[in-house]
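One structure is given below, encoded as structure tokens.
In our numbering, the protein residues as written are 100 to 305.
Written as structure tokens, this is what we have:
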């Protein structure tokens with residue numbers, strides 16, 4: 100199971116979380132987010148093997164390419180209303196870049212939005228629909244994912260907390276390859292509780 104920890108910002112915290120053995124870390128480049136990564140975090144030996152994901156909201160190709168270069172990103176997560184065409188443009192400009200498209204979910208019908216992006220992205224991320232852009236701490240009904248019959252793998256997101264380890268282990272979908280963690284593991288926005296993450300990871304990655 101892949102584990103992505105999103106909303107990383109503080110250099111020391113990045114190193115500490117990387118040392119826990121997470122697979123991906125998300126850096127949010129949306130200025131309105133309280134987890135906005137406003138300064139460049141240089142790679143270190145600690146996070147050398149972690150996939151760095153840049154999270155963008157309705158941004159231009161040039162803005163994304165600038166952050167890809169500055170932050171040594173391995174993947175891009177589009178978390179707004181981006182079109183399929185934008186995903187294809189990024190693929191053309193940066194062929195080796197993994198692309199994750201977030202789908203906001205409230206009802207089973209929302210799942211069907213994935214069809215627009217098939218063939219243009221590498222992963223979907225199903226997150227709770229809310230007024231803010233992610234990090235709401237709220238969960239959607241995971242049963243609606245029964246409506247997802249696509250072939251593109253996905254990450255489960257939205258309000259997953261320390262108490263959800265057993266639910267994660269009992270959740271099964273043939274295309275679910277991992278989970279995305281954020282606000283429920285924070286001391287404050289952008290600062291993750293390393294001990295809570297460590298305890299949780301010992302349970303879900305056993």
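Just so you know, even glycine gets a beta-carbon here, dropped at the ideal spot from N, CA and C.
Top-ranked residue by Cα proximity to residue 214, from 182, 230, 249 and 186: Closest in C-alpha terms to residue 214, from the list 182, 230, 249 and 186, comes 249.
Candidates 156, 146 and 138: closest to residue 131 by CA position: Among 156, 146 and 138, the Cα nearest to that of residue 131 belongs to 156.
Given 8 Å, three or more beta-carbon pairs between the segment 151-170 and the segment 215-231: Contact between the segment 151-170 and the segment 215-231 is absent, because fewer than three Cβ pairs lie under 8 Å.
Top-ranked residue by Cα proximity to residue 258, from 272, 204 and 294: For the set 272, 204 and 294, the Cα lying nearest the Cα of residue 258 is the one of 204.
Per-residue DSSP class, three states only, for residue 118: Secondary structure at residue 118: coil, using DSSP grouped into helix, strand and coil.
Three-state secondary structure (DSSP) of residue 259: In the structure shown, residue 259 falls within a coil segment according to DSSP collapsed to helix, strand and coil.
Straight-line Cα distance separating residue 282 from residue 94: Outside the displayed span of the chain (100 to 305) sits residue 94, for which this structure offers no information.
Helix, strand or coil at residue 209 [DSSP, three-state]: In this structure, residue 209 counts as helix in the three-state DSSP scheme.
Opening and closing residue of the beta strand (DSSP E) in which residue 126 lies: In the DSSP annotation of this structure, the continuous segment of the beta strand (DSSP E) that includes residue 126 starts and ends at 123-127.
Boundaries of the beta strand (DSSP E) in which residue 225 is found, first to last residue: In the DSSP assignment, residue 225 falls within the unbroken beta strand (DSSP E) covering 222-227.
Three-state secondary structure assigned by DSSP to residue 174: Residue 174 falls in the strand class under three-state DSSP.
Endpoints, alpha helix (DSSP H) assigned at residue 203: Not the alpha helix (DSSP H): residue 203 falls in the beta strand (DSSP E), residues 197-204.
Residue 123 vs residue 116 beta-carbon contact at 8 Å: No, Cβ-Cβ distance for residue 123 and residue 116 is not below 8 Å.
Straight-line gap, residue 175 to residue 110 (C-alpha atoms, nearest Å): Rounded to the nearest angstrom, the two C-alpha atoms are 20 Å apart.
Contact test: residue 216 Cβ vs the ligand PLP heavy atom, cutoff 7 Å: Ligands in the displayed structure: none, and consequently the ligand PLP is not present.
Residue 279 and residue 265 closer than 8 Å at C-beta: No; because the gap between Cβ atoms is not below 8 Å, this pair is not in contact.
From 275, 221, 263 and 268, residue whose alpha carbon lies closest to that of residue 245: When only C-alpha atoms are compared, the closest one is 275.
Within-8 Å CB hit, residue 187 to chain D: Of the protein chains in this structure there is only one, and it is not chain D.
Nearest neighbour of residue 104, chosen from 260, 183 and 193 [CA to CA]: If we check each option's Cα against that of residue 104, 260 comes out closest.
Residue nearest to residue 146 in terms of C-alpha spacing, selected from 223, 171 and 270: Nearest C-alpha to residue 146: 171.
Three-way DSSP call (helix, strand, coil) for residue 193 in this model: Coil.
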